[in-house]
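Using our numbering, you'd call the opening residue of the sequence shown number 2 and step up by one each time. Cβ atoms here follow ideal geometry from the backbone N, Cα and C, with glycine treated the same way. Just so it is clear, the structure is predicted and the values come from calculations on it, not from any experiment.
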Amino acid sequence: MGTEGTHDSHGIRRDAIPHPTPPPPPARPPAVPPLPNQAPRPGQGGPPAMPPGPPPAEPSGQGVGASAAGSAESPFVHWLRTPRPSVAPGVWVSGYRPKPPEAPDQVPASRLLGGAALALVVAYLLGKIIWKLYLDDYWLVLVLTPESWQDSGSKVALGLAQRVYIVLYVALVAAVFGRAGNWAEVFRRYVLPIFRQAGQGGASRTPLTPETDPAQWPEMRAFGAGGAADRLAAEAWAGRMNDVDHSRIERAWQSVRAQPGRLAAFTDTVLRHGAAACAHPSGARDLPVRTAQHDLLAQQVRIGLASEDPRNPYAHRGVSLALDPGVLGTSLLAVGPPGAGKTGRLVRPVVESLCLQALAGRVAVVAVGPAGAGIGPDDAFDVVVKIGRPESAYDLDLYGGTSDPDEAAGVLAEALIGDMAHTLPGGDSRRAATALAQLLGPFQAAHARFPSVPELRELLDGSKTAIEALRAALDAAGQSAHAREVDARVRQSTAAGDVGALLADRIALLDRPAFADFFATAGDRRPFSLRALEHPLRVRIDLPERGHAEASRMLARLVLAQFTESAVGRADRSLFACLVLDDASHTVTQEALRGIQRLRAANAGTVLTLRTLDDVPEGLRSALLGAVGCRMAYAGVTTWDGARFAEVWGKAWVETRDVTDREFIAEAPMTKVLHFIRKAVTGKAATLQSVTVRKVERERWSASELAHSVPPGHAVLSVTSVRGDAAPPVLVDLRG
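Following this line, the structure appears as structure tokens:
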């Protein structure tokens, strides 16, 4: 692949793609270096598209003082004013309304409605009979009315008496059958909520004051930036602002609150650019297409609807569920067979949400998956690395952008043999890291760079030509200490069971013609490295799964190892960094688990998907489920995988009812006759039921239930926030 052009400090080619045409503001509150945007490329397959962001309204001509009472609010303002109460982790917060307290002893809906309907039918039939027999022809009226009324023969008086008796009769029937049919409970359960919702809807439309209206930016006004608040409010009411703009400017405003000296520059930028102020370095203000429902004010993406299943907690039934950095910071593991919807209904929405938040200057996201997996279109990312494809505009740094040979050796050893480290002497990859460091350090000292893949392969193979050339370069540079490292590597290579031969075999998987233009280290080539996680970047890395499966797994381990090292080693952790790895088969190792556990404290997390836990070494399966805070089991998991999830989700106290039937033996002659007739008609003897209620401890979800009772298109999800709040496993309809 060509190496012409200039590059920035993170190895991003500046001439590969055009810069945004609008000039950036002179003083942008979120201090991030300019990065180029990816050139437009054809989109990839995926779920049906949704319009980007809250739909903008037509300019209404309303100024800063516009209110909901004076004019129709724009869709963006309506979205901004939607209440977002504090809820449990994993719950979709936009417009959430808490459910009424559960009534444990309430009558089931089917029995309640059935009894009410039966009572209504009986009351109607009885009313018709009484009407025909007594009320319709004045018979009962003549009996009950005074004789003075009858003597007068006044039809008006008789009609009035008839109406009085009808009202009394209807009231009597309604009282008797209303009590028998439990109509009062039907009214409380199904009619009152309609009036309550109508009342709440009217309350939500009550005009807001400038001090409480989020569309008027009250915090900005209170801080002394009234001019900027007026401009932004006008942009919002005119429909020229979207959710990404609001989140991005809010992020910039937070930096102004932290450093008040930036207030003047911030105000000037907003007054000149309006909703486009403080733009992302790419110049983009939205994604080209959205496939999921997002709420950037809460940083959430909606993934489904909790089922009305008795195994779900009452508070979650019928509630929308969502993911956000607050729970992804504990990392997420999703397990399900092929076709279960892991990519389309989890990975794609999560990546989409993180990309939107990256445009708002809040997140750095790296999405990794097989080429053509449908994670997102090319123009939704700033950097797209297509390993093994000549049209790729970017390369990948094999050494993670570090200049420390020991760090580079450790990460590379994890990528090359991390999946088999448990079979090596010592049970880890430390010996492999030492062997690599004995070559990387001297090579860097001699050539001021790390070796390319062909050069490293020759050194690991023990090529005399390569070794002698390295020794000569070290002697010329006066690096005698590094020369001793090379001599030690040569001596160890002759020992039985040396790890160098295994490393050479593994690095040979990358020394293929398909990868000839990748992983270069010579010249002015600066491949992309994950050291750029301090900036709000959107990165997608396509792995060469087809035809190079083993190399693809090795590269996935490399990216995971580099991500954990880079995320933890960031000087500025204000951005949430997330790695989304679609299909993490043969990627999870003991070192990877240690790295994942460190991410939570570094404002970072990972999203991993697996077809089955069998793709993880047996000794690490339980440790993996324990290392992540969010776990997701899709429909179709095996019983063995279900047993692991059931174990990590634990048990809960539940109320059980044991019903015992015994035959009822009558003693009275008439009762015996009735029981005989009943048995002759129904074929069943009369019985008495004995109900025993007790509390027992049972698994929240058993292995059998996870394997056989989860419907297609559903999954069982549990989440934990970075603050330690945990939600129980919930059955969620991913299509809801």
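- Taking residue 331 as reference, the option from 640, 719, 395, 659 with the minimal CA-CA separation is 719.
- Straight-line spacing of the CA atoms in residue 558 and residue 726 works out to 30 Å.
- When rounded, the separation of the alpha-carbon atoms in residue 673 and residue 186 is 38 Å.
- Straight-line spacing of the CA atoms in residue 351 and residue 461 works out to 41 Å.
- It is roughly 44 Å from the alpha-carbon of residue 211 to the alpha-carbon of residue 334.
- Note that the C-beta distance between residue 436 and residue 478 is not below 8 Å.
- Looking at the DSSP output, residue 271 bridges to nothing.
- Our two residues, residue 88 and residue 592, have alpha carbons roughly 35 Å apart in a direct line.
- Contact annotation, residue 308 with residue 734: C-beta distance approximately 5 Å; criterion of less than 8 Å satisfied.
- Looking at the DSSP output, residue 356 bridges to nothing.
- Under DSSP, residue 369 shares a beta bridge with 542, 582.
- Remark: C-beta atoms of residue 93 and residue 361 do not approach each other more closely than 8 Å.
- When C-alpha distances from residue 571 are compared across 398, 510, 432, 365, the shortest belongs to 365.
- Assignment of residue 304 by DSSP, reduced to helix, strand and coil, places it in the strand class.
- In chain order, 364, 366, 579 place their CB closer than 7 Å to the CB of residue 355, counting only its own chain and leaving out the 5 sequence neighbours on each side.
- Ranked by Cα distance from residue 325, the first of 165, 188, 301, 306 is 301.
- Shown here, residue 606 sits in a strand according to DSSP, grouped into three states.
- Restricting attention to 226, 271, 224, the CA atom closest to the CA of residue 247 is found in 271.
- Collapsing the DSSP output to three states places residue 242 in coil.
- Taking a cut-off of 8 Å for Cβ pairs, the stretch 533-543 and the stretch 339-350 do not touch, as fewer than three such pairs fall below it.
- Here residue 644 has 704 as same chain residues with Cβ atoms under 8 Å from its own Cβ, once five neighbours each way along the sequence are excluded.
- Distance from the CA of residue 582 to the CA of residue 449, rounded to the nearest whole angstrom, comes to 33 Å.
- Three or more Cβ pairs drawn from the stretch 171-191 and the stretch 116-125 lie within less than 8 Å of each other, which places the two stretches in contact.
- Counting along the chain, no beta strand (DSSP E) covers residue 573, and no H or E run does either.
- Annotation: the continuous alpha helix (DSSP H) that includes residue 117 extends over 110-131.
- Within the model, the alpha-carbon separation for residue 509 versus residue 250 is close to 49 Å.
- Residue 480 carries a coil assignment under DSSP once its states are collapsed to helix, strand and coil.
- The C-alpha of residue 698 is placed about 45 Å away from the C-alpha of residue 412.
- The shortest C-alpha to C-alpha distance from residue 653 to any of 639, 676, 729 is the one to 729.
- Residue pairing by DSSP places residue 635 opposite 716 in a beta bridge.
- Between the stretch 652-666 and the stretch 626-639, the count of Cβ pairs shorter than 8 Å is below three; the stretches do not touch.
- Here residue 412 carries a helix assignment [DSSP, helix/strand/coil].
- Nearest C-alpha to residue 419 among 259, 590, 228, 636: 590.
- Taking C-beta separations shorter than 6 Å and ignoring five residues to either side along the sequence, the partners of residue 604 in its chain run 574, 577, following chain order.
- Close CB contacts of residue 599 within its chain, under the 6 Å cut and outside five residues either way in sequence, are with 569 (chain order).
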